[in-house]
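Numbering (the working numbering), first residue to last: 6 to 479.
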C-alpha cells in the first residue's frame, strides 16, 4: 500500500565550535550531565542570546546546494510547547508566518531508487536550537525521566520536505543523499551519535497523519516507517480509525510507541523572538558563499565517470557517502587501478553493509584497505580469503588486515618443499587424475583444487599449478 511521507530532518552543525546563542562548546558528547551549560542555554531570567552568524552561513550553503531561494531577511521565532527538555518553555526557531522567516524557501533533492530517479521537494530550511536530552533509565516504560541539558542550545538546521515520498525505501534514499551533501559541505559529521535525526510524518489512504519522532539514522527511518505503514494499514483493514498522534521509535524493540496527541501549528503559539534582531542577508554574502561551495556528490560522480572511466552506477554509489568516496580515491591512487577498487567497494563493501546492518561509510579505513590490496597483490593472502574472511573482520573489529590474517593463520604457504610434499600426497591418492593431467592441462585443475583443499586455501594457486606441471613432466 502506497503511503504519503514527509520528513523533518534535524542536523547538528557540528562544524561550529560553540552553541547557537552562547559561548558553551558545541562538543557536548561524553561530558558529565549538565556540565556543558550556562545561563543562556539554561534559560535563566535575564540571560540574552547572541546569534552565531556562522550558522546562517552554513544554512545558506545548503540552500544553494539544493537550489533553494535564500531569504533576504531572517527572523527568529519562539515556538512554545511544554516538555522537560525545554528550559525556557519555548524553543528559538524559525517559521514562515507571523513575522518570522527561515533562511531558505524551496529547493530539491534528486534520489534514485531501484533505478528510477525522483525529485523530493524541500519546503524550507531553518535554524533553531537543540533542546536538552531526555534519558529514560529503563527505556520508554520508565516511571521517571532524567534531563541532561548539555545538548541544549546546540545549533540545529531543520530541513523540512514536502510529502513527496511514497515508500520507506525512498525516505532512506533521501536521507542518505542529504547526508552525503551535508558531509561534502563540511556542515555536519553525521557519524556522530545524534547529529542527524529525523521526524517522519506518514499516512496511508483512509488514515490520519502520524508523526514518528527522533529517529536516529536512515536505516532506522526505513524500519520505523515500514512498521508504521503496516500498523496503520492493519487498523484500517480491521475497520478501525488511525489516531492523529505523535509516536516514538523504539529501536531495540523495533516498534513505534504512542507518546502524545499530535499538535496543530496553532498549538505552538509562534511569535517573533524579541531578543534577536532580524538578520539581513545581502546578495554579496550569498555570492561569497556560492563561490566557496565545494564539489558536491553529483558533480563528484560526474568527475569519477570522466576521469576514472567508471560507469554512472559505480560513480553514484561511491559518492552516496563522502567517507566512501574519499576512501575510494585514496585507495585507488595507491593501488593504481580505479576500476578494480571501485568494483571491490561497491560489490564487497555494500554486501557487508547489508549483512552487518551498517551505515554507508561505517567501518571503512583507507589505510587498512590499501594494506589489504598489498597483501593480495604480494600473494600473501588469496583474493577469496580477503573477501570472505579478512575484509568482513576489518569492518567489524577495526583491526588491520595483516593482524587478522596472522591471527587466523591465513598467510599463503609459499614454501615449495612443503607444497611438493602435499602435491605428492594428493597425487598418490588420485592416480587416475594424474594420468588425466598428463594428457590434458585442463585436468590439472582437479589436482590444484585438491591441494588447495589440503592446505585449507593457504597455498598460492599459481605456484601450486607451476609445481604440479613440473612434477608431471619430470
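Note that CB positions come from ideal geometry on N, CA and C, so glycine has one too.
Using the rule of at least 16 other Cβ atoms within 10 Å of the residue's Cβ for burial, across every protein chain shown, is residue i buried or exposed?
i	result
residue 49	exposed
residue 175	buried
residue 213	exposed
residue 119	exposed
residue 464	buried
residue 352	exposed
residue 1	Lying outside 6 to 479, the shown extent of the chain, residue 1 is not represented and no answer is given.
residue 57	buried
residue 349	buried
residue 66	buried
residue 12	buried
residue 361	exposed
residue 410	buried
residue 153	buried
residue 235	exposed
residue 169	buried
residue 262	exposed
residue 150	exposed
residue 173	buried
residue 54	buried
residue 89	exposed
residue 299	exposed
residue 423	exposed
For residue i, name the three-state secondary structure that DSSP assigns.
i	result
residue 153	strand
residue 106	strand
residue 285	strand
residue 101	coil
residue 292	helix
residue 409	helix
residue 213	coil
residue 460	coil
residue 390	helix
residue 20	coil
residue 159	coil
residue 144	strand
residue 11	strand
residue 82	strand
residue 348	helix
residue 234	helix
residue 365	coil
residue 450	helix
residue 261	strand
residue 49	coil
residue 247	coil
Where do the ends of the beta strand (DSSP E) carrying residue i lie?
i	result
residue 95	95-98
residue 24	No beta strand (DSSP E) contains residue 24, which DSSP labels as neither H nor E.
residue 121	121-134
residue 251	250-255
residue 274	Run containing residue 274: none; DSSP gives neither H nor E here.
residue 206	201-208
Going straight from the alpha carbon of residue i to that of residue j, what length do you get?
i	j	result
residue 441	residue 449	8 angstroms
residue 191	residue 20	7 angstroms
residue 128	residue 161	17 angstroms
residue 124	residue 72	12 angstroms
residue 271	residue 121	38 angstroms
residue 126	residue 10	12 angstroms
residue 156	residue 413	44 angstroms
residue 239	residue 229	15 angstroms
residue 209	residue 134	32 angstroms
residue 171	residue 178	12 angstroms
residue 408	residue 342	25 angstroms
residue 345	residue 336	10 angstroms
residue 137	residue 297	33 angstroms
residue 112	residue 183	12 angstroms
residue 291	residue 75	8 angstroms
residue 384	residue 188	37 angstroms
residue 458	residue 374	27 angstroms
residue 397	residue 357	7 angstroms
residue 269	residue 148	28 angstroms
Which two residues bound the contiguous alpha helix (DSSP H) that contains residue i?
i	result
residue 117	Taken as a continuous stretch (DSSP letters only), residue 117 belongs to no alpha helix (DSSP H), being part of the beta strand (DSSP E) at 113-118.
residue 467	466-478
residue 423	421-434
residue 353	Careful: residue 353 lies outside any alpha helix (DSSP H) and carries neither H nor E.
residue 336	327-340
So, does the CB of residue i fall closer than 8 angstroms to a CB anywhere in chain D?
i	result
residue 448	No chain D is part of this structure, which consists of one protein chain only.
inquiry  = Quick check: the stretch 140-155 against the stretch 190-202, are at least 3 beta-carbon pairs closer than 8 angstroms?
reply    = no
Three or more C-beta pairs below 8 angstroms linking the stretch 38-52 and the stretch 240-250 = no
message = Contact between the stretch 390-400 and the stretch 207-226 is defined here as three or more beta-carbon pairs at a separation below 8 angstroms; is this criterion met?
response = no
message = With a threshold of 8 angstroms, are at least 3 pairs of Cβ atoms found where one atom belongs to the stretch 273-280 and the other to the stretch 74-91?
response = yes
ask   = Touching or not, the stretch 398-408 and the stretch 367-379, by the rule of three or more beta carbon pairs under 8 angstroms?
value = yes
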